[in-house]
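In numbering that gives the first Met the number 0, the protein residues as written are 0 to 624. C-beta atoms are modelled at their ideal positions from N, C-alpha and C, and glycine is treated no differently.
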Amino acid sequence: MESSLCSSSGSQNWSSIAVSRRSSGYGLSESPMPKVVGFPHQNRVVSLHVQRSRTAVATKSLGRRKLQRTVAFAPSSPLLFPSPPSASFKTAASQTLAQNDDGDGMVEQQRIDPLTPIEQASIEGSLRPPSSGESTVSITVVGASGDLAKKKIFPALFALFYEGCLPKHFTIFGYARSKMTDEELRNMICGNLSCRISQRESCDDKMKYFLSKCFYHSGQYNSDADFKQLDNKLKMHEKDRLANRLFYLSIPPNIFIDVARCVSHSSASTQGWTRVIVEKPFGRDSESSAELTRGLTQFLTEEQIYRIDHYLGKELVENLSVLRFSNLVFEPLWSRQYIRNVQFLFSEDFGTEGRGGYFDNYGIIRDIMQNHLLQMLALFAMEPPVTLDAEDVRNEKVKVLRSMRKLHLEDTVLGQYKCQMRGNVRIPGYTEDKTVPSNSITPTFAAAALFIDNARWDGVPFLMKAGKALHNRRTEIRVQFRHVPGNLYKWSFGADLDQATNELVIRVQPDESIYLKINNKIPGLGMRLDRSNLNLQFANRYSEEIPDAYERLLLDAIEGERRLFIRSDELDAAWAIFTPLLKELETRKVAPELYPYGSRGPIGAYYLAAKYNMRWGDMNLEARS
Ligand SMILES: NC(=O)C1=CN([C@@H]2O[C@H](COP(=O)(O)OP(=O)(O)OC[C@H]3O[C@@H](n4cnc5c(N)ncnc54)[C@H](OP(=O)(O)O)[C@@H]3O)[C@@H](O)[C@H]2O)C=CC1
Ligand SMILES: O=C1O[C@H](COP(=O)(O)O)[C@@H](O)[C@H](O)[C@H]1O
């Protein structure tokens with residue numbers, strides 16, 4: 000159980016990897032006192048803080064969730080968690096380093112990179128171990144006065160604290176230009192905090208304690224002096240402990256680079272790690288995305304940048320690989336041989352209310368398809384990774400994204416919602432939003448047919464559909480299987496054999512579930528067939544509350560687990576698929592088809608599916624609940 004994992008005794012000891020050029024790379028568990036190991040690495044020193052930690056045991060090969068699984072199977076096995084680790088483990092870790100020194104292209108290239116200020120500081124700092132032997136994590140939410148911070152980030156941090164997943168020593172800072180006292184920040188946060196339904200004990204006490212660890216600093220986003228003041232405040236809280244710092248950039252993208260510079264120059268940890276979570280949008284197309292990456296990497300290493308896509312933190316997206324790779328009934332079917340098409344569906348039953356200013360500059364393709372749906376597609380379609388390590392998984396994602404055909408207009412349908420009457424109430428259309436230009440042609444709906452030109456998926460349409468102001472709120476992956484060859488019961492389906500195809504539905508939200516549509520005999524003396532669902536509904540099966548995506552991702556960032564964050568080459572590959580279409584839309588000023596608020600979207604989407612001889616799974620009668 001996740002909750003028991005975080006609450007268990009080891010949760011307050013943290014591993015710290017100071018200047019490792021590779022993210023989840025090297026972790027050793029040794030003694031209660033942190034040690035600093037310096038590795039001469041040609042002209043530079045790569046150093047590791049080696050500290051007693053449950054998570055630090057073999058960090059490279061055992062991620063948190065792998066540990067979790069191990070705990071679940073053998074909770075009391077002393078062999079699984081040797082403490083201190085065996086000599087053989089230490090040797091294995093040293094060999095990893097030696098191998099990297101010798102032949103690894105990535106490290107080779109890094110040898111000639113100049114050190115960033117953060118690295119320089121960290122390297123210098125790492126030669127001065129902290130005197131107390133303890134470590135602390137400081138989390139600064141930049142853009143703390145904003146919507147995302149209020150609704151998602153602070154509540155997720157509290158949930159982690161509530162579950163015992165934050166280390167013993169932690170401090171949370173809000174940073175933004177708005178003037179606010181610590182108390183005002185706490186008042187702003189507290190309305191959105193909630194305790195897990197399953198375990199409400201000491202809820203009020205925990206909230207009070209958590210709020211007492213939250214502080215606020217007001218400053219400009221481009222002011223080194225303001226970030227230096229933040230640094231001083233952080234130091235007061237960190238005392239003489241080894242300080243690790245996480246910055247969450249919950250701000251508009253045009254100020255990402257200013258903040259990265261200020262963090263790097265004025266607020267980076269000089270001893271422990273410094274990591275920066277960056278929110279989407281990561282650019283508007285291939286060029287602007289590459290420019291953003293170039294800007295950020297002037298001040299941060301790629302390993303310090305955690306590009307967040309909150310869909311990767313959703314329970315059923317995380318479950319996708321488990322479903323596929325650990326079930327014999329699915330794994331062999333996962334190819335063009337058995338799968339006819341795959342659909343990635345996103346719908347919201349509300350418009351862009353309140354976010355029209357942001358949205359109009361991006362549109363639904365950039366807001367949902369290029370990131371959330373494409374990330375799910377990559378996880379769905381990638382080849383089996385060598386291990387579940389971040390780099391192995393991300394390598395496979397990059398490969399499958401690079402095998403995808405570039406998207407063009409003829410395989411796309413665009414829509415924009417218009418006003419609709421509900422009884423006597425008039426629900427305004429997109430362009431009636433005051434923050435949206437009245438002649439905007441930004442799509443609030445899009446459907447697209449994508450293809451992966453590799454051996455596994457050749458010819459299989461991967462359809463995406465995403466829209467705002469539709470009839471329901473739902474995110475799903477639908478896998479439609481091929482017809483059964485020579486189906487003995489085909490007479491019972493009439494002319495429409497499509498009625499008989501098996502369909503696997505992974506409902507990401509709401510009402511998380513996985514169900515498989517099968518053909519079944521209706522009980523009785525006759526022979527009548529019926530479509531039924533083998534249904535795994537999470538709410539019925541599991542009593543645990545499903546954690547919010549931001550909880551998982553924040554915890555991963557604190558632990559240095561990078562698997563669910565987007566690497567820069569992955570981002571490049573993702574933009575390469577959509578940029579030609581986005582350019583085409585801009586130059587040709589393609590007008591979207593209007594659809595009424597609360598409807599099922601433009602009719603054009605049906606024709607797109609028909610072009611590939613398929614139907615949208617969410618349009619079947621049985622999917623209409
Ligand atoms: N809200 C959501 O659901 C999602 C948001 N995102 C992304 O997360 C980030 C934060 O989202 P959200 O909280 O909604 O954003 P906000 O627009 O609320 O911005 C956050 C804070 O940034 C500061 N800010 C806003 N505009 C500017 C500006 N032009 N120049 C300088 N500072 C500015 C404001 O703080 P102050 O004035 O106090 O400095 C504001 O409180 C954005 O990048 C967004 O795209 C991603 C996914 C979902
Ligand atoms: O990133 C975004 O996601 C939300 C939808 O997230 P969900 O977790 O509520 O499904 C979307 O509303 C927003 O437009 C987009 O920027």
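On the premise that residue 314 lies in contact with residue 511, defined as a C-beta separation below 8 Å, what is that separation, rounded to the nearest angstrom?
Translated into positions along the sequence shown, residue 511 becomes position 512. Translated into positions along the sequence shown, residue 314 becomes position 315. Yes, residue 511 and residue 314 are in contact; Cβ-Cβ is about 6 Å, under 8 Å.
Helix, strand or coil for residue 535, going by three-state DSSP, please let me know.
Along the sequence shown, read from residue 1 onward, the residue named residue 535 stands at position 536. Looking at residue 535 - three-state DSSP - the assignment turns out to be strand.
Anyone know if the C-beta pair for residue 281 and residue 570 falls short of 8 Å?
Translated into positions along the sequence shown, residue 281 becomes position 282. Translated into positions along the sequence shown, residue 570 becomes position 571. It is a contact, given that the beta carbons lie within the stated cut-off.
Sequence-distant residues of the same chain with beta carbon closer than 8 Å to residue 184, five excluded per side
In the sequence shown, residue 184 corresponds to position 185, counting from 1. Closer than 8 Å at Cβ, skipping near neighbours: 143, 173, 213, 214, 215.
Given this structure, state the Cα-to-Cα distance separating residue 311 from residue 588, to the nearest angstrom.
Sequence index remark: in the sequence shown, residue 311 carries index 312 (1-based). Sequence index remark: in the sequence shown, residue 588 carries index 589 (1-based). Approximately 32 Å between the Cα atoms of the pair.
Would residue 340 be called buried (16 or more neighbouring beta carbons within 10 Å of its own) or exposed?
Position 341 of the sequence shown, counted from the first residue, corresponds to residue 340. With 16 or more Cβ atoms within 10 Å of its Cβ, residue 340 is classed as buried.
Looking only at its chain, what residues have a beta carbon closer than 6 Å to the beta carbon of residue 592, apart from the 5 residues adjacent to it on each side?
Against the sequence shown, residue 592 aligns to sequence position 593. Within the same chain, Cβ atoms closer than 6 Å to the Cβ of residue 592 are found at 414, 601, 603, the five residues on either side in sequence being excluded.
Thinking just about the alpha-carbon of each residue, which of 192, 581, 479 is nearest to the one in residue 407?
For the purposes of this step, residue 407 is taken as the residue at position 408 of the sequence shown. With distances taken between Cα atoms, residue 407 lies closest to 581.
If we count the other Cβ atoms within 10 Å of its Cβ and call it buried at 16 or more, is residue 422 buried or exposed?
Counting from 1 along the sequence shown, the entry for residue 422 is found at position 423. Residue 422 comes out exposed.
Could you pull out every residue in the same chain whose Cβ sits closer than 8 Å to the Cβ of residue 618, ignoring the five residues on either side in sequence?
Position 619 of the sequence shown, counted from the first residue, corresponds to residue 618. Apart from sequence neighbours up to five positions away, the residues of its chain that approach residue 618 with a beta-carbon distance below 8 Å are 599, 605, ordered along the chain.
To the nearest angstrom, how far is the alpha carbon of residue 22 from that of residue 276?
Mapped onto the sequence shown, residue 22 falls at position 23. Mapped onto the sequence shown, residue 276 falls at position 277. With a pLDDT of 33 at residue 22, under the threshold of 50, the modelled position of that residue is not reliable, and the figure given next carries that caveat. Approximately 14 Å between the Cα atoms of the pair.
Simplified DSSP state of residue 397, which is helix, strand or coil
On the sequence shown, residue 397 is found 398 positions in, with the first residue counted as 1. If DSSP states are grouped into helix, strand and coil, residue 397 belongs with the helices.
Look at the alpha carbon of residue 257 and the alpha carbon of residue 267, and state the distance between them as a whole number of angstroms.
Indexing the sequence shown from 1 puts residue 257 at position 258. Indexing the sequence shown from 1 puts residue 267 at position 268. Take the alpha-carbon of residue 257 and the one of residue 267: they are about 14 Å apart.
Going along the chain, which residues of its own chain have a beta-carbon closer than 6 Å to the beta-carbon of residue 441, five neighbours each way excluded?
Start at 1 with the first residue of the sequence shown, and residue 441 comes out as number 442. By the criterion of a C-beta distance shorter than 6 Å, residue 441 is surrounded in its chain by 359, 362, once the five residues flanking it on both sides are discounted.
Can you tell me whether residue 489 is helix, strand or coil according to DSSP?
Locating residue 489 in the sequence shown gives position 490, counting from the first residue. Note: residue 489 maps to helix in three-state DSSP.
Within its chain, find whatever has a CB closer than 6 Å to the CB of residue 153; leave out the 5 residues flanking it on each side and keep chain order.
Along the sequence shown, read from residue 1 onward, the residue named residue 153 stands at position 154. Excluding positions up to five away in sequence, the list reads 188.
Give me whichever residues DSSP pairs with residue 240 in a beta bridge.
The count along the sequence shown starts at 1 and reaches residue 240 at position 241. DSSP lists no partner for residue 240.
Determine the extent of the beta strand (DSSP E) in which residue 139 is found, giving its start and end residues.
On the sequence shown, position 140 is the one that residue 139 refers to. Taken as a continuous stretch (DSSP letters only), the beta strand (DSSP E) holding residue 139 covers 134-141.
Taking only three categories from DSSP, how would you classify residue 215?
Taking the first residue of the sequence shown as position 1, residue 215 is located at position 216. Three-state DSSP puts residue 215 in a strand.
Excluding the five sequence neighbours on either side, which residues of its own chain have a C-beta within less than 6 Å of the C-beta of residue 443, listed in chain order?
Here residue 443 is taken as the residue at index 444 of the sequence shown, counted from 1. Once the five neighbours on either side are set aside, the close Cβ partners of residue 443 are 363, 415, 416, 429, 467.
Answer yes if the stretch 285-298 comes into contact with the stretch 226-234, meaning at least three C-beta pairs across the two stretches below 8 Å, and no otherwise.
In short, these stretches do not touch, since the Cβ pair count stays below three.
Give me the Cα-Cα distance between residue 20 and residue 264, rounded to the nearest whole angstrom.
For the purposes of this step, residue 20 is taken as residue 21 along the sequence shown, with counting starting at 1. For the purposes of this step, residue 264 is taken as residue 265 along the sequence shown, with counting starting at 1. Caution is warranted here: a pLDDT of 26 is assigned to residue 20, below 50, making its placement in the model unreliable, and the coordinate value is therefore given only provisionally. Their Cα atoms are separated by approximately 19 Å.
Return the bridge partner residues of residue 411 from the DSSP annotation.
Position 412 of the sequence shown, counted from the start, is the residue given in the question as residue 411. In DSSP, residue 411 forms a bridge with 447.
Ligand 1 heavy atoms versus the CB of residue 633: any closer than 7 Å?
A question about residue 633 goes unanswered here, because the residues of the chain that appear run from 0 up to 624.
Might you give, ordered along the chain, the residues of its own chain that have their beta carbon closer than 6 Å to the beta carbon of residue 279, omitting 5 neighbours on each side?
For this step, residue 279 is matched to residue 280 along the sequence shown. The residues are 370.
From what residue to what residue does the alpha helix (DSSP H) around residue 316 run?
Here the question's residue 316 lines up with position 317 in the sequence shown. First-last of the alpha helix (DSSP H) with residue 316: 314-324.
Return helix, strand or coil for residue 545, following the three-state DSSP convention.
In the sequence shown, the residue the question calls residue 545 occupies position 546. Residue 545 falls in the coil class under three-state DSSP.
With a threshold of 7 Å (Cβ to nearest heavy atom), would residue 309 be considered close to ligand 2?
As a working note, residue 309 is residue 310 in the sequence shown. Yes; taking the cut-off as 7 Å, the Cβ of residue 309 has a heavy atom of ligand 2 nearer than that.
Can you tell me where the alpha helix (DSSP H) with residue 363 in it begins and where it stops?
For this step, residue 363 is matched to residue 364 along the sequence shown. From DSSP, the alpha helix (DSSP H) with residue 363 extends over 355-363.
Taking all protein chains shown into account, do 16 or more other C-beta atoms lie within 10 angstroms of the C-beta of residue 517, making it buried, or fewer, making it exposed?
Working through the sequence shown from its first residue, we reach residue 517 at position 518. Residue 517 counts as exposed, since fewer than 16 other C-beta atoms from the protein chains shown sit within 10 angstroms of its C-beta.
By DSSP's criteria, residue 513 is part of a beta bridge. Which residues make up the other side?
Stepping through the sequence shown from its first residue, residue 513 is reached at position 514. Under the DSSP definition of a beta bridge, residue 513 partners with 505, 535.
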